[in-house]
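Taken in order, these protein sequences are the chains called A and B.
Residues 23 to 278 in our numbering are what the first sequence spells out, letter by letter.
Residues 733 to 1068 in our numbering are what the second sequence spells out, letter by letter.
The structure under discussion appears below in the form of structure tokens.
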Amino acid sequence: MNWKTFAAMLRRDAHVARRNFIPLLLQTMLQPILFVFIFGQVMIRSGFMPQNYRAMLLPGIMAISMLMTGVQAVSMPLIAEFQFTREIEDRLLAPMKIEWLAVEKVFAGVIQALISGFIVVIAAWLVMGANVGVKFQRPLEFALVVFLVALLSAAGGLTLGCSVGQTQIGLLFSLVLAPMIMFGCAYYPWSALKSFPVVQMAVLINPLVYASEGLRGTLAPQVPHMPTLVVIGVLAVVDAALIVVGLNRFFRKAVS
Amino acid sequence: MGATVKTNDLRKIYNTPPPLAAPGSAIFARGKGPKKPKMEVKALDGVSLEVGAGEIFGLLGPNGAGKSTTVGILTTRVKPTSGDAWIGPHNVWREQVETKRLIGVVQQRPNLDFSLSAREILLFHAAYFGIGSAERTRRAAELLERFQLTERAEEIVRGYSGGMMQRLAIARAMMHDPDVLFLDEPSTGLDPQTRLLLWEIIREYNAAGKTILLTTHNMEEADALCQRIAIVDHGKVIAIGTPAELKHSVPGGYLVRVKFSAPVDGLADRLRELPGVNEVKVAGSSVDVYADSGGALVGAIAASASNAGVELSDVHISEPSLENLFLHHTGRSLRQ
């Protein structure tokens, strides 16, 4: 393994991300903050939502932000770089096994997802005020879940980025990501779906469900949530599967 | 020092559209999911080449001949269906990382890193190859100057013209001082002045002992630059040698292409008997005459024609050239 090359590519990604910091920040932050303001402030103060909805909402918003950031950070450049001009070859020709280029992209995506999750939590907290009801009691479990969610987003970005062409980006958002978010148990706990048993079972294929429930279980354990051990197990399996599938597709796209 | 380049009976059959295929060489299937019609494009059909260290070697052929696929295989980006390729001592497919250290590649399309400025592209490229900070800064400045890009070096390359992108792509390929430089259609889109600059740079790089393998469909370029040329068509090498050798391999060297007002039986035999004529090829009312001389023969051809009761409607004379060579071997013009 050629660490010098790997490190140089990470530096390159950091350099590009720094240059696009403001638009990137707005892209990640604006939607969750608006959402938090409407549901965490307007709806609650006007009495349409109960006070404890805030603690329920925060982990969900964090899960969505991390997922979207990681998926976009990895898949969008990949889709562009695999296009007609094959910009990706700029890096495929570097002296490193090409699988490692995919690993580097996932690694960079994980870091960006972590940063985005962190920023969104702080910002949401600021918008909603001090009495959110978040209990930070299980730091180790929380750290593990956060890492698995970040990896989920980046590995998912790799798989999607290698499966979708530039013309299908719109479809990717409207057909994959939008239903994922709505059925991702981010705005409500999974147990809230019990009156819709078919839906409750069907959403279990959506990895965002485990991300939301896992963060909920470690940040706001007083809200109904899935057992954290189950969440960790499922996320680990899904992450591993996405990495294997993503690397495979990357390889097939990189070499003709 | 340069390294050798060798291929042994390379074959490549694409069953998905080849990413670098020139227009016309493949049918681009657009369909949905499993309904996508299966396609097969035979891009290479047994290509064996040997390029010596320090040589400038040209692959000459029309669009879709298999030049880019050959370069793709030699630069680890295309997996051969069968056969082997070596750069120096390394088997390209099995020792990809070692191979990539030895080669610099300029693609037909500008595959630059469009998120970076020109200088950053060169600096990061050198960093990928493990070149130290001071050294890469010096080399980047030097190459930007050499390729006349210094003035706009800090610009993001998205705004560059095609010619500037091409120059930068070549500078990038030279950044890590590779032993073998691959240039796939390097002068496409360059104005004549920049093309001359490029030729000068290629010769200079070669003078430092580096191996250069370039593809082109421009005979002038192949003739001016290459020490040896392989003519490729339909995935096969049809002729190989120095430009002079190849030109002399065409019978007679001169080609007189004549058109008659109507096709004539037996006229070819009569033309074959004319002094200095080596070969005659007939296609309808058009006849290619390969001969030792050009203009001097036209009178005799016209006389034979009028004896046969037809008139000459068009005459074109070309001197010994690679174009004639290509025509001789394939029956098609390179420009067709």
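We put the CB at the ideal spot given by N, CA and C, even for glycine.
None of these values were measured; they are calculated from a predicted model.
- Looking at the DSSP output, Gly790/B shares a beta bridge with Leu946/B and Ile961/B.
- Rounded to whole angstroms, Arg890/B and Glu852/B show a C-alpha spacing of 13 angstroms.
- Residue Ile819/B holds the alpha-carbon nearest to the alpha-carbon of Gly786/B among Lys774/B, Ile819/B and Thr808/B.
- In this structure, Asp965/B sits away from Ala858/B, with a CB-CB distance that is not shorter than 8 angstroms.
- Around Leu844/B, the beta-carbon contacts reaching into chain A at under 9 angstroms are Thr107, Glu109 and Asp112.
- Secondary structure at Gly836/B: strand, using DSSP grouped into helix, strand and coil.
- Residues Leu100, Gly268, Arg271, Phe272 and Lys275 of the same chain have their beta carbon placed closer than 7 angstroms to that of Cys184/A, with the five preceding and five following residues left out of the count.
- DSSP places Asn740/B in the uninterrupted beta strand (DSSP E) bounded by Val737 to Tyr746.
- For Glu867/B, the enclosing alpha helix (DSSP H) has its first and last residue at Ser865 to Arg878.
- Lys991/B sits in a strand when the DSSP states are folded into three classes.
- Counting the other CB atoms within 10 Å of its CB gives Trp25/A a total below 16, which places it among the exposed residues.
- Gln925/B sits exposed, since fewer than 16 C-beta atoms from the chains shown fall within 10 Å of its C-beta.
- Taking every protein chain shown into account, the CB of Met248/A has 16 or more other CB atoms within 10 angstroms, so this residue is buried.
- DSSP places Asn153/A outside any beta strand (DSSP E), giving it a letter other than H or E.
- In this structure, Gly179/A sits near Ala95/A, with a CB-CB distance shorter than 8 angstroms.
- Excluding its 5 nearest sequence neighbours in each direction, Ile254/A has C-beta neighbours in its own chain below 8 angstroms: Glu163, Leu166, Val167, Leu170 and Gly236, listed in chain order.
- Bounds of the beta strand (DSSP E) holding His1048/B are Leu1044 to Ser1050.
- Neighbours of Arg67/A across chain B, judged by C-beta separation under 8 angstroms, do not exist; the nearest C-beta is about 43 angstroms away.
- With at least 16 other beta carbons inside 10 angstroms of its own, Thr947/B counts as buried.
- For the 8 angstroms CB-CB criterion, Ser234/A and Ala208/A form a contact.
- The closest CA to that of Arg160/A, considering only Pro243/A, Ala30/A, Gly62/A and Phe218/A, is found on Pro243/A.
- With a beta-carbon spacing of about 6 angstroms, Val829/B and Met118/A fall inside the 8 angstroms limit used to define contacts.
- Distance from the CA of Ala903/B to the CA of Val810/B, rounded to the nearest whole angstrom, comes to 23 angstroms.
- Remark: three or more beta-carbon pairs, one from each stretch, lie closer than 8 angstroms, so the region 903 to 914 of chain B and the region 926 to 946 of chain B are flagged as touching.
- If you check the CB distance, Gly967/B and Val779/B come in under 8 angstroms.
- When the five nearest sequence neighbours on each side are left out, the beta carbons in the same chain lying within less than 8 angstroms of the beta carbon of Val783/B are those of Thr736, Val737, Lys738, Phe789, Thr943, Leu945 and Arg960, in order along the chain.
- DSSP places Trp818/B in the strand class (E or B) of the three-state scheme.
- Nearest in C-alpha terms to Leu1006/B, of all of Gly921/B, Ala1032/B, Trp825/B and Gly894/B, is Ala1032/B.
- Judged by DSSP secondary structure, Lys799/B falls within the alpha helix (DSSP H) whose first and last residues are Lys799 to Leu806.
- Of the other Cβ atoms in all chains shown, 16 or more fall within 10 Å of the Cβ of Phe61/A; this residue is therefore buried.
- Going by DSSP, Asn1056/B is part of the alpha helix (DSSP H) stretching over Leu1054 to Thr1062.
- The C-beta of Ala859/B comes closer than 8 angstroms to at least one C-beta of chain A.
- Closer than 7 angstroms at the C-beta level to chain B, one finds no residue of the region 166 to 189 of chain A.
- In terms of Cα proximity to Ser175/A, the closest of Ile137/A, Val221/A and Val156/A is Ile137/A.
- Contacts with chain B at 8 angstroms (Cβ-Cβ) include Ser278/A.
- Burial check for Glu111/A: the Cβ neighbour count within 10 Å reaches 16 or more, so the residue is buried.
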